[in-house]
Amino acid sequence: MPDPTPITTVNDGKTIIDKEHYSSGELLDLKLAGGSTLVIDGVDITLKSLLGVGALSNTTIELIHGATLTVDGSLLDVNALNGLTYKIGDQSLLHLKQSFLDVKLLNSETIDFADPEGTGTFHYTPGGVGLRLSGPMKIINLHVGDKIQVDGATSAEVDGERLLFHGKGGAIIASFKVEEGLELGQPNEDGSFTIEVPCFLEGTLISTPRGEIRVEYLKKGDLVHTLNGEARAVTWVGNRTIFPQTANPRECLPVHIRPGALAENMPHRDLYLSPDHCLFLAGCLIPAKFLINGTTITQDLRLEPFTYYHIELEQHAVLVADGAYTESYLDLGNRAMFLEPGMFMFCKPVDLGTVVHCFPPVYAGPVLDAVRNVLEQRAAIARDSAQTMTIPPVQSCPASCINP
Numbered sequence: 565m566p567d568p569t570p571i572t573t574v575n576d577g578k579t580i581i582d583k584e585h586y587s588s589g590e591l592l593d594l595k596l597a598g599g600s601t602l603v604i605d606g607v608d609i610t611l612k613s614l615l616g617v618g619a620l621s622n623t624t625i626e627l628i629h630g631a632t633l634t635v636d637g638s639l640l641d642v643n644a645l646n647g648l649t650y651k652i653g654d655q656s657l658l659h660l661k662q663s664f665l666d667v668k669l670l671n672s673e674t675i676d677f678a679d680p681e682g683t684g685t686f687h688y689t690p691g692g693v694g695l696r697l698s699g700p701m702k703i704i705n706l707h708v709g710d711k712i713q714v715d716g717a718t719s720a721e722v723d724g725e726r727l728l729f730h731g732k733g734g735a736i737i738a739s740f741k742v743e744e745g746l747e748l749g750q751p752n753e754d755g756s757f758t759i760e761v762p763c764f765l766e767g768t769l770i771s772t773p774r775g776e777i778r779v780e781y782l783k784k785g786d787l788v789h790t791l792n793g794e795a796r797a798v799t800w801v802g803n804r805t806i807f808p809q810t811a812n813p814r815e816c817l818p819v820h821i822r823p824g825a826l827a828e829n830m831p832h833r834d835l836y837l838s839p840d841h842c843l844f845l846a847g848c849l850i851p852a853k854f855l856i857n858g859t860t861i862t863q864d865l866r867l868e869p870f871t872y873y874h875i876e877l878e879q880h881a882v883l884v885a886d887g888a889y890t891e892s893y894l895d896l897g898n899r900a901m902f903l904e905p906g907m908f909m910f911c912k913p914v915d916l917g918t919v920v921h922c923f924p925p926v927y928a929g930p931v932l933d934a935v936r937n938v939l940e941q942r943a944a945i946a947r948d949s950a951q952t953m954t955i956p957p958v959q960s961c962p963a964s965c966i967n968p
């Protein structure tokens with residue numbers, strides 16, 4: 565194995581490691597100066613040792629353009645990480661192996677998913693000191709599509725400002741401090757979890773007393789129709805542009821619902837929703853991604869950037885979008901994902917215990933199975949004839965099918 569390459573940063577300066585001067589797979593011995601920034605640009609680097617020169621507050625290691633940094637091995641100075649911030653940029657990955665870490669430093673590290681237009685991955689390998697920490701490391705600026713992977717984790721949950729990962733038997737194997745209201749998707753095949761939020765694609769027509777209006781034209785105070793025909797005022801409109809080439813396609817690309825896929829003339833035109841946007845079917849709210857059948861409901865493929873919108877009312881409700889019944893925005897603490905660049909908003913923390921869905925959400929169980937079966941029958945009939953079916957009404961959703 566080749567000897568590590570020595571790198572020394574300077575106080576308040578920037579050092580760049582890129583493809584022109586370094587090779588992927590290179591090992592580094594790093595000496596960090598206070599206030600300095602080390603940028604790893606598009607290469608795979610393994611950090612074998614680290615020495616801090618003075619206090620490392622405002623010291624940053626930044627990963628951009630698909631870079632990968634693995635922090636492994638025996639550090640020369642475990643206190644060097646005190647106050648260090650890792651910034652994970654577009655398509656970049658940070659892998660921290662805790663076996664080398666000292667309990668005195670983890671609670672002062674910050675993991676910053678700094679790029680709102682790309683997605684990053686934080687891969688964490690727990691060691692034996694995780695539960696002895698006085699406070700967990702902090703993760704900030706999570707965006708839609710960002711991923712967190714913890715080796716050995718079988719489940720994850722958000723408890724206020726804590727993101728907890730559980731291993732076999734339910735034991736907590738990792739804990740991070742996060743922004744309250746974080747929403748996780750279902751586990752990916754590699755055991756990682758992706759940040760998600762539901763929304764409409766630009767161009768979706770929303771039913772209003774003035775007729776159908778494109779979602780991007782709606783503004784605060786406009787009236788929109790809800791399920792019972794009542795017109796309610798919009799209290800907030802959020803939007804976010806997605807760049808497919810720097811995001812996880814499965815977690816961000818729109819779900820395409822073809823005309824009549826849900827019921828007669830429902831939707832009445834092609835409807836595009838984010839994977840986690842819920843449709844109102846059989847008396848429950850079901851994420852669009854769980855209804856994909858490969859024919860009448862598919863996940864769209866596109867490479868060009870696109871914009872998602874979400875409409876909030878005073879209370880969570882069912883809207884009419886392209887003739888289909890879909891949910892309005894429900895604040896689970898992810899509002900900042902939809903702010904325009906340069907805009908800031910200070911909000912009261914979201915108490916998830918007080919969040920009320922207008923109808924019970926369903927993620928698994930007999931109701932979801934029944935709806936999928938009916939939609940598959942509709943799809944099969946549509947392939948052979950112009951016959952139609954409707955989803956039979958369900959008066960209530962069994963508690964066993966609702967994700968607690």
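Counting from 565, one number per residue, gives the positions in the sequence shown under the working numbering. We treat Cβ as the ideally placed atom computed from N, Cα and C, and that holds for glycine.
In angstroms with no decimal places, state the Cα-to-Cα distance between residue i and residue j.
i, j, result
"Val693", "Ser739", "Below a pLDDT of 50, predicted positions are generally treated as unreliable, and Val693, at 44, falls in that range; the measurement from the model is reported next regardless. Whole-angstrom Cα-Cα distance: 12 Å."
"Asn829", "Asp710", "36 Å"
"Pro839", "Ser588", "35 Å"
"Ala846", "Gln941", "16 Å"
"Gly824", "Gly724", "41 Å"
"Phe870", "Thr805", "6 Å"
"Asp864", "His789", "27 Å"
"Tyr872", "Phe764", "5 Å"
"Glu780", "Leu837", "14 Å"
"Ile580", "Thr683", "21 Å"
"Arg822", "Ile861", "6 Å"
"Leu843", "Ala735", "35 Å"
"Ala885", "Leu817", "18 Å"
"Val935", "Asn857", "12 Å"
"Glu766", "Ala827", "23 Å"
My output table needs one value for residue i: the three-state DSSP class, helix, strand or coil.
i, result
"Val779", "helix"
"Lys732", "helix"
"Gln655", "coil"
"Pro851", "strand"
"Ile737", "strand"
"Cys763", "coil"
"Asp933", "helix"
"Ile856", "coil"
"Arg774", "coil"
"Arg866", "coil"
"Ala678", "coil"
"Glu673", "coil"
"Gln879", "coil"
"Cys842", "strand"
Find the nearest neighbour of residue i within the set the options, judged by alpha-carbon distance.
i, options, result
"Asn803", "Leu633, His707, Gln879", "His707"
"Asp636", "His832, His687, Leu817, Val607", "His687"
"Leu849", "Tyr893, Cys816, His820, Thr871", "Tyr893"
"Thr799", "Phe677, Ile875, Ala720, Asp593", "Ile875"
"Thr634", "Leu611, Asn622, Ser656", "Leu611"
"Thr772", "Lys784, Ala795, Glu766, Leu791", "Ala795"
"Asp593", "Thr623, Val884, Pro925, Ile609", "Ile609"
"Thr601", "Leu835, Lys583, Ile628", "Ile628"
"Lys853", "Val938, Val819, Met701", "Val819"
Counting C-beta neighbours from all protein chains within 10 Å, is the total for residue i 16 or more, i.e. buried, or is it exposed?
i, result
"Asp605", "buried"
"Gly653", "buried"
"Lys578", "exposed"
"His921", "exposed"
"His585", "exposed"
"Gln879", "exposed"
"Ser719", "exposed"
"Ala797", "exposed"
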